[in-house]
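The working numbering applies: residue 74 is where the sequence shown begins, and numbers increase by one. Using N, Cα and C, we set each Cβ at its ideal position, and we do this for glycine too. Encoded as C-alpha cells, the structure appears first; notes follow it.
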Amino acid sequence: MSAIIIRNGRVIDPANKRDEVADLAILNGQIAQTSEVRGQTSEIEEIDANGLIVCPGLIDMHVHLREPGFSHKETIESGARAAAAGGFTTIVCMPNTSPPADNPATIAWIKDRAAEVASVNVLPTGAISRNLEGEELAPIGSLGQAGVVAITDDGHCIQNHELMRRAVEYARMVGLPVLDHCQDYNLVGNGVVHEGYWSTLLGLPGWPAAGEEAIVMRDILLAELCDHHIHCQHVSAAGSVRLIREARARGVKISGEVCPHHIALTDEAVENFNTNYKINPPLRSQADVEAILEGIADGTLTILASDHAPHAAFEKEVEFDAAPFGIAGLETELGLFLNLLVHKCLNIDIGRLIEMYTIEPAKLLKLDAGTLSMGALADVTLIDPNLEWTVKIENFQSVSRNSPFDGWKLKGRAVRTIVGGETVWKL
Ligand SMILES: [Zn+2]
C-alpha cells in the first residue's frame, strides 16, 4: 500500500474541466479520493504543491530514443530520464532506429527494454514502409498487434502517393493513426536551411516551404479520400498552417504539431553556421513563426512535441552541409513553450498548453493517459510556472548535448514527475 497526498496545488485537469486549488490523492499508483487515502493506516507521503501546477503527466508524442542501434546518441534509459526531467510521463518513440522498427520483433524488443530500464512510459511507433525506404509497406497489421500506437516513417517521407494511400487504408482497418514527416524530396533536394534570404546570403542549399506544404496538401487529400486521420509532424511553414486550417474547417481528419524551435527561432539563427540550428524541417522566417503562433491560438495546431533528436558532439562538429539534423529537446521544451506561448505571447493560457500536451495526444493516439480522473493511473507532473532558470546543457540527463538553447533564461519548469504513483524525477 502506498499513499500520497499532493497538497494545495493548482490542479489543472482539462479532461475533467477542472482548474482549482485542491489536494490530489494517489493510492497504490492510482488517482484516488483524499478520503480514501486518509483512511489508510500505512504512512502517507505528503507533497507540498503550494504555488505549483498539478496536472496530468505530460505526453511527448515525437521523440527519437535512438535505440536499438545508436546508443552513443541516446538510449531508452537515458531518453526516458531526459523525459522525466522535462516533466513527461509518456513518450512516443520514432521508428528510425537500427534495425528500424518496421517489424514486430523490434517493437517487442523496444517494449521489453523500456519495461526494464525506462522510468517513464515508452510507446513505440512502427514504420509505414519496410526499412523506411518508401518502396513497400511494412506489415502494418502485425505492427498494430505488436502494440505500436501509430505508424510513421518520420525522418523520411513516402513519396509515392499511391503507396501512402494504401498505408492509410491499412492503418484505418487496424485503427492506427498515421503520422507524417512532410517533405517532398524533389522540391527539397539537398536543402539544409529554409530557402530564402539567409540561404542565399550564406550560400547554403535551400529547403523551400513548398516542400512541406506539397506533402501536407497530399495528406489532406488522402485523409479525405480514405476517411482516416493523418497527423502532420513538426509543422514549420505558414502555408501548411493555412492548408490544415482550411481542411479542418471542412471536417477532414488532419492535424498538426508544433516543436518549440520552430517558434523560438528563425532562419537568421544559422548565420554563424552553428550546426545546433540545423533541423529538419528547417527554422523558417518570422512570417512562418507568426502563422504557427496564430495556428496554435485558433486551434488549428493542436499538439506540442519536441522532435527530440539527440546527436553526439562529434557528429554535429562538422561542416553545416554534412551535419545531421536535429535538436535534443526533451529537457527544454516545456520551459520554451511556457515562455513563448503563455508568458510572452499570451496567445494561449496554461490550461490550453496542458491540453496540447495531454488530452490532445491521448485522443489522437487513443491512449489511456492524460487525465487525473478517479482510478486513472497516477501519472502526474508538478510545474512551477514562475520558476526562473537557465538552460545548461551540461546538466542534461540526455546522452547528447545538441541544443541551441544553452544559456537561455526561461521561466517555468517541471519540478516533479510522477509515473504510476512513483516520483521518477524531482528538481
Ligand atoms: Zn521528422
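Contacting residues, own chain, Cβ-Cβ under 8 Å from F143 (five flanking each side not counted)
T170, S171
Exercise answer, beta-carbon shell around ligand 1 heavy atoms below 7 Å
D227, G228, H254, Q306, H307, N353, D380
Whole-angstrom C-beta distance between V241 and V251, which should lie under 8 Å:
5 Å
Tell me which residues share the same chain as N204 and place their Cβ nearer than 7 Å to its Cβ, disregarding the 5 neighbours each side in the sequence.
P173, D175
Could you pull the DSSP bridge partners for D253 from this structure?
C305
Can you tell me whether D441 is buried or exposed? The criterion is at least 16 other CB atoms within 10 Å of its CB, across all chains shown.
Burial state of D441 is exposed, judged by a 10 Å Cβ sphere holding fewer than 16 other Cβ atoms.
Alpha-carbon spacing of Q103 relative to N353, whole angstroms:
Each residue's alpha carbon lies about 39 Å from the other.
Which residues in the same chain as A310 place their Cβ atom closer than 7 Å to its Cβ, once the five residues preceding and following it in sequence are excluded?
A282, E285, E286, R357, D361
Runs of beta strand (DSSP E) lying entirely within the segment 194-235, each at least 3 residues, in chain order
194-197
If contacts are defined as beta-carbon pairs under 8 Å, then G399 and H384 qualify, I think. What distance do you get, rounded to the angstrom?
By a beta-carbon distance limit of 8 Å, G399 contacts H384. Their separation comes to about 6 Å.
Suppose you measure from the CA of I85 to the CA of I491; what does that come to, to the nearest Å?
So the alpha carbons of these two residues sit roughly 15 Å apart.
Just to confirm, is the Cβ distance from P333 to L413 under 8 Å?
yes
Cα-Cα separation, E116 to A76
7 Å
Straight-line CA distance for A153 to G199?
19 Å
C-alpha distance - E209 paired with R238, whole-angstrom precision:
12 Å
Bridge partner(s) assigned by DSSP for D271:
Correcting the residue type first, residue 271 is Trp in the shown sequence and not Asp. Bridge partners of W271: none, in fact.
Rounded to a whole number of angstroms, what is the C-alpha to C-alpha distance between Y27 and T107?
The requested residue 27 is not part of the displayed model; the chain covers only 74 to 500.
What span of residues does the beta strand (DSSP E) with C418 cover, start to end?
C418: not part of any beta strand (DSSP E); DSSP gives it neither H nor E.
Take the Cβ of Q256 as the centre, count every other Cβ of all protein chains shown within 10 Å, and call the residue buried at 16 or more, exposed below.
buried
The segment 127-134 in contact with the segment 80-94 per 3-pair CB rule at 8 Å
yes
How about L249: is its C-beta nearer than 8 Å to some C-beta of chain C?
No chain C is present in this structure, which holds just one protein chain.
Could you spell out the range, first to last residue, of the beta strand (DSSP E) harbouring G82?
Annotation for G82: the continuous beta strand (DSSP E) segment containing it runs 76-86.
Per DSSP, which residues does R93 bridge with? Please list them.
In the sequence as presented, Arg is not what sits at residue 93; that position holds Glu. In DSSP, E93 forms a bridge with V84.
Looking at A320 and I293, is the spacing between their C-beta atoms short of 8 Å?
yes
Starting from H145 and walking both ways along the alpha helix (DSSP H), at which residues does that stretch end?
Looking at the DSSP string, H145 is not in any alpha helix (DSSP H), and its letter there is neither H nor E.
Check this for me: beta carbons of L97 and L445, under 8 Å apart or not?
yes
Is the Cβ-Cβ distance between I376 and E330 less than 8 Å?
A Cβ-Cβ contact shorter than 8 Å links I376 with E330.
Identify whether A487 lies in helix, strand or coil by the three-state DSSP scheme.
strand
What residues are listed by DSSP as bridge partners for V136?
Partner(s): C166, H381.
Report the CB separation of T348 from A396 in whole angstroms; it is logged as a contact under 8 Å.
4 Å
Please classify F161: does DSSP put it in a helix, a strand, or coil?
strand
Select from E341, S471, Q470, L460 the residue whose C-alpha is nearest the C-alpha of V488.
L460
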